[in-house]
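Encoded as structure tokens, the structure appears first; notes follow it.
Numbering (our numbering), first residue to last: 2 to 191.
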């Protein structure tokens, strides 16, 4: 695992496309029981080198109902984005994750984590990649059908403050999905 993580952190496959240069952000451990697969680091995470070290991460930890030290204990929770480096700015937020990362690195990483009990898929890119034809037409429909993907996968929306209108329009998420998520995480990590 250490060799693979070192190789990923040294990766420069898409260097020419990265406005801030490569800085792959990833954590994993053979004993990890949960893996969080998100989109790609933002500028704050790129600068700190700490995954989910931003407002979205704070909200995600609140959803999971776990403290920072547990969230960052890679022997319990692995953090693997679809794109390992900051992809750059788009018209309405960051660009999509670079397409090279997941096909190149995800399978080797997952193969070294045999204890995984839950794969949390955050956002449409992770959901489409892992759920393939089982993903619904929209992220909302996929998240609403979360119980179809359990016990292996749990699709979630991105916890970004930019998604506040989605959360207002979909109160069922806080009422149904969050309590289930917290119970599942508690069971797995206890």
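Built from N, CA and C at the ideal position, the CB exists for glycine as well.
Residues that DSSP places opposite residue i in a beta bridge
i	result
residue 95	90
residue 154	120
residue 7	Residue 7 pairs with nothing; no bridge assigned.
residue 37	80 and 121
Residue i, buried or exposed, once every other Cβ within 10 Å from all chains shown has been counted against 16
i	result
residue 173	exposed
residue 77	buried
residue 1	Here the chain covers residues 2 to 191 and nothing more, so residue 1 does not appear.
residue 160	buried
residue 83	buried
residue 166	exposed
residue 25	buried
residue 91	exposed
residue 191	exposed
residue 158	buried
Where residue i falls: helix, strand or coil (DSSP)
i	result
residue 79	strand
residue 28	strand
residue 139	coil
residue 58	helix
residue 113	coil
residue 74	coil
residue 103	helix
residue 178	helix
residue 127	helix
residue 47	helix
residue 85	coil
residue 66	coil
residue 19	coil
residue 172	coil
Expected contact under 8 angstroms - CB spacing of residue i and residue j to nearest Å
i	j	result
residue 94	residue 163	6 angstroms
residue 86	residue 41	7 angstroms
residue 169	residue 38	Going by Cβ atoms, the distance from residue 169 to residue 38 rounds to 26 angstroms, so no, they are not a contact pair.
residue 75	residue 189	Incorrect: roughly 15 angstroms between the Cβ atoms, too far for contact.
residue 29	residue 79	4 angstroms
Quiz prompt | Any 3 or more C-beta pairs closer than 8 angstroms across the region 49-57 and the region 91-98 | solution = no
Quiz item: Are the region 134-151 and the region 57-67 in contact at 8 angstroms, needing three or more beta carbon pairs?
Solution: no
Exercise. Assess, as a yes-or-no matter, whether the region 149-169 is touched by the region 119-135 under the definition of 3 or more beta carbon pairs within less than 8 angstroms.
Key: yes
Self-check item: Segment contact flag, the region 18-25 with the region 113-124, C-beta cutoff 8 angstroms, min 3 pairs
Solution: no
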